[in-house]
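Asks: Structure in structure tokens, see below.
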Amino acid sequence: MEARLKLANLLVAAGQYEAGMDHLLEIVRRDRGFEDDIGRKTLLAVFNLLDGDERVSRYRRMLSSLLY
Numbered sequence: 036m037e038a039r040l041k042l043a044n045l046l047v048a049a050g051q052y053e054a055g056m057d058h059l060l061e062i063v064r065r066d067r068g069f070e071d072d073i074g075r076k077t078l079l080a081v082f083n084l085l086d087g088d089e090r091v092s093r094y095r096r097m098l099s100s101l102l103y
């Protein structure tokens, strides 16, 4: 999980947002409690970074389906 989180952060920093968000969703899917819910918290930070981008609503729906 730690390696996946590092990869997600690197991808987001490199502007490869979808790939990074895919890894973050996988972290949430596998272990929501990992590092105090860091997958979800990091996704929310990426959503704020991409405010107004059409990908945000799609990824919000995916996150929501994992959480509820």
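The sequence shown begins at 36 in our numbering and counts up by one. Glycine included, every Cβ here is placed at the ideal spot set by N, Cα and C.
Express the C-alpha separation of Y103 and A49 in angstroms, rounding to a whole number.
Replies: 30 Å
Asks: With DSSP collapsed to three states, give me the class of R64.
Replies: helix
Asks: L60 and M97: beta carbons closer than 7 Å?
Replies: yes
Asks: The ligand MN and S99: does the residue's C-beta get closer than 6 Å to at least one heavy atom of that ligand?
Replies: As for the ligand MN, it is missing from this structure, which has no ligand bound.
Asks: Provide the residue span of the alpha helix (DSSP H) that contains A48, from first to last.
Replies: For A48, the enclosing alpha helix (DSSP H) stretches over residues E37 to A48.
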